[in-house]
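>
In my numbering, the protein residues as written are 13 to 259.
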């Protein structure tokens, strides 16, 4: 594995509870630069919650989250969040704004970036993701796959060095899933560090450098993609894969 100075995020013995329910039970996980880490497993295993703790959307009960060597606290989370892009199941676009304005609002309003430079950047990203002609469209004029690609571009506009995806294709029709997975594939090709919660196991097999199997609030298996899919010794994981790969 990489040297320690290449760790982007480190979760150390993180516990998160919702009332009496423990969702993350002493989880530890290091995410290295340029890795694509896929989180999978049955519902309720803690995958989405783990993702949301990384950028402070969920407050942890104990343990530490270290970002680039700096412990994440309520005092610095807003600053750290600027470096982390997140794409949700639902697209969360502003319905009353065009694609252009959805993409420009954060870098111009919160980061005080140059509008002309940001517009050029937005056009370049839309071109890369095959939706250059949608700059002046409103969200209701877009397909689900197009909306999700706009949501990905919106996250990229803030120049994150870590991207988090929470089941980015779960709200999409089957034919639109490929569009979004192709967009994520492009990000992996340019070396973006990513953590992805997904049930798309064929896709995970292709893009993941590591896959983690979460169940019962713990990381049960954490290994490279080839071992995960072909050589695992874990009987529970074998059972999970046999169901999900052949459904």
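Each residue gets a CB set at the ideal place from its N, CA and C atoms; glycine is no exception.
Which value, in whole angstroms, describes the spacing of the CA atoms of residue 154 and residue 216?
Cα-Cα distance, rounded: 26 Å.
> Determine the DSSP secondary structure at residue 44, reduced to helix, strand or coil.
Looking at residue 44 - three-state DSSP - the assignment turns out to be strand.
> Could you say if the segment 131-142 and the segment 160-167 meet the contact criterion of at least three C-beta pairs nearer than 8 Å?
Yes: at least three Cβ pairs fall under 8 Å.
> In this structure, does DSSP put residue 213 in helix, strand or coil?
The answer is helix: DSSP assigns residue 213 an H, G or I state.
> Suppose the cutoff is 6 Å on Cβ atoms and the five residues either side in sequence are ignored; what does the same chain contact list for residue 182 look like?
101, listed in sequence order.
> Based on Cα-Cα distance, which residue from 65, 178 and 203 lies nearest to residue 21?
Comparing Cα-Cα distances from residue 21 to each of 65, 178 and 203, the minimum goes to 65.
> Can you tell me whether DSSP reads residue 16 as helix, strand or coil?
With a pLDDT of 46 at residue 16, under the threshold of 50, the modelled position of this residue cannot be trusted, and the question is left open.
> Shortest alpha-carbon distance to residue 171 belongs to which of 249, 204, 229 and 190?
It is 204.
> State the start and end residues of the unbroken alpha helix (DSSP H) segment that holds residue 150.
From DSSP, residue 150 is part of no alpha helix (DSSP H); its letter is neither H nor E.
> Within 10 Å of its beta-carbon, does residue 121 have 16 or more other beta-carbons around it, so buried, or fewer, so exposed?
Result: exposed.
> Residue 101 by DSSP, collapsed to three states: which one?
Of the three classes helix, strand and coil, the one that applies to residue 101 here is coil, per DSSP.
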